[in-house]
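Chemist:
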Ligand code: PLP
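Residue numbers (the numbering used here): 36 to 432.
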């Protein structure tokens, strides 16, 4: 049986989600903006989904904007809030260095348009110190953006403390909660944020769905312009079947949180047993401040991509903390920001478990790992000594 330990990349769709989507796709084809019965039925289904998403984050349905992805929710939050404040003279952003590319690239795009961006670093365990934010935020800061849980190492940031610091200087606070939804209870009031983004496919909903919760009264410039959907904040006919799926997934995510302790126990077993079975391994991130399903482990002396492939050949899906772009191995920006040695930014594997993960899955991965790692280390050692021999030979020549 193949083993899927890449739930931070995406999750399998819950059968209840697929069933609800199927019904909506076949029967409720109306345009939710139409006044006739078909339209009103579609709108009722959207309203139910909106209420479920609001309940997931602890907000009001009128504060939920549906989007076409977590990325879009982040972009709408950062760019939409920044543009709304542009005329006020606040043209400064504070952005976490370990944010997802959705936030990083949006901030860089704003910087190219003349916005000042301050980068908020993390400590060795991937956590932001509130004092570090206090040193950067000013009366010119429009928005601070810090993710709730990191996708690579799973660390959870002290969002309530950070949001209070931003608010004390009159700045808005956005949190990317894409990796937190379904793994942590969410409560926008307790977090004290103004904007919060989620993505359906990270908690057993369909891909291409997301939502941005926006505190009532927060000004936001629509990034998708056109019709008056989503209270004028996101134009485009809503994808009713997909959003019905998002709503069911949101409701399921709340109830399934009761099982998260089992996922955490499996993750802890995996981590403990892997570290014991494979010498030269270490955990990246902060063990006592992580989401329950994530373990990021460095395997000294290997290239992470090679180990991902070796696991895949054995039917085990895991991933690296680093992205492989156009043939060049880019070290993980998260591990780099945490100050890891250059080789340790390239040898990390992310194991991300889910509700379907079993004790047998964990035992099989632990049983496979020592031989796979040993083989790759032998190849690396061979390549290094061949490289050294070649260098010596060319030096002698
Ligand atoms: N933010 C974080 C932390 C993520 O992990 C991801 C997805 O990997 C996103 C945003 C983007 O979400 P989506 O895939 O729905 O665009």
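Using N, Cα and C, we set each Cβ at its ideal position, and we do this for glycine too.
Among the candidates 391, 373 and 388, whose CA atom is the shortest distance from the CA of residue 132?
Modeler: In the chain shown, counting from the first residue as 1, residue 132 sits at position 97. Of the listed residues, the one whose Cα sits closest to residue 132 is 373.
Chemist: For residue 414, count the other beta carbons within 10 Å of its own beta carbon; 16 or more makes it buried, fewer makes it exposed. Which is it?
Modeler: Translated into positions along the chain shown, residue 414 becomes position 379. Residue 414 should be labelled exposed.
Chemist: Return the chain-ordered ranges of every alpha helix (DSSP H) run that is complete within the segment 309-394 and spans a minimum of 4 residues.
Modeler: Runs found: 339-348 and 368-372.
Chemist: Please report the distance separating the alpha-carbon of residue 212 from that of residue 109.
Modeler: Counting from 1 along the chain shown, the entry for residue 212 is found at position 177. Counting from 1 along the chain shown, the entry for residue 109 is found at position 74. Those two C-alpha atoms are separated by around 10 Å.
Chemist: Which ranges would you report for the beta strand (DSSP E) in the segment 71-123 if only whole runs of at least 3 residues count?
Modeler: Counting only runs of 3 or more, we get 99-102.
Chemist: By Cβ distance below 7 Å, which residues in the same chain neighbour residue 41 in space, the five residues on each side in sequence not counted?
Modeler: The count along the chain shown starts at 1 and reaches residue 41 at position 6. 352, 353, 354 and 387.
Chemist: Tell me the start and end of each unbroken alpha helix (DSSP H) in the segment 187-237 that is at least 4 residues and wholly inside, in chain order.
Modeler: Complete alpha helix (DSSP H) runs here, min 4: 194-203 and 223-226.
Chemist: Closer than 7 Å to a non-hydrogen atom of ligand 1 - does that hold for the CB of residue 328?
Modeler: If you number the chain shown from 1, residue 328 lands on position 293. Not so, every heavy atom of ligand 1 lies at least 7 Å from the Cβ.
Chemist: Spatial neighbours of residue 289 within its chain, please: C-beta separation below 7 Å, excluding the five flanking residues on both sides.
Modeler: One-based indexing of the chain shown puts residue 289 at position 254. Closer than 7 Å at the Cβ level, and outside the excluded window around residue 289, lie 90 and 91.
Chemist: Would you check whether ligand 1 has a heavy atom nearer than 7 Å to the C-beta of residue 71?
Modeler: Counting from one through the chain shown, the residue named residue 71 turns up at place 36. No, Cβ of residue 71 sits at least 7 Å from all heavy atoms of ligand 1.
Chemist: Determine the closest residue to residue 104 out of 243, 341, 142 and 367, with distance taken between C-alpha atoms.
Modeler: Here residue 104 refers to the residue found at position 69 when the chain shown is read from its first residue. If we check each option's Cα against that of residue 104, 243 comes out closest.
Chemist: In the structure shown, what three-state DSSP assignment does residue 144 receive?
Modeler: To locate residue 144, count along the chain shown from 1; it is residue 109. In the structure shown, residue 144 sits in a helix (DSSP, three-state: H, G or I).
Chemist: Consult DSSP for residue 177 and reduce its assignment to one of helix, strand or coil.
Modeler: Counting from 1 along the chain shown, the entry for residue 177 is found at position 142. In the structure shown, residue 177 sits in a strand (DSSP, three-state: E or B).
Chemist: What's the C-alpha gap between residue 201 and residue 151?
Modeler: For the purposes of this step, residue 201 is identified with residue 166 of the chain shown, where counting begins at 1. For the purposes of this step, residue 151 is identified with residue 116 of the chain shown, where counting begins at 1. Near 16 Å, if we compare the C-alpha coordinates of residue 151 and residue 201.
Chemist: For residue 407, list the residues DSSP reports as bridge partners.
Modeler: Residue numbering aside, residue 407 sits at position 372 when the chain shown is read from its first letter. Residue 407 is not bridged to any residue.
Chemist: For residue 135, is the beta carbon positioned less than 7 Å from some heavy atom of ligand 1?
Modeler: Numbered from 1 along the chain shown, position 100 holds the residue referred to as residue 135. Result yes, Cβ under 7 Å from ligand 1.
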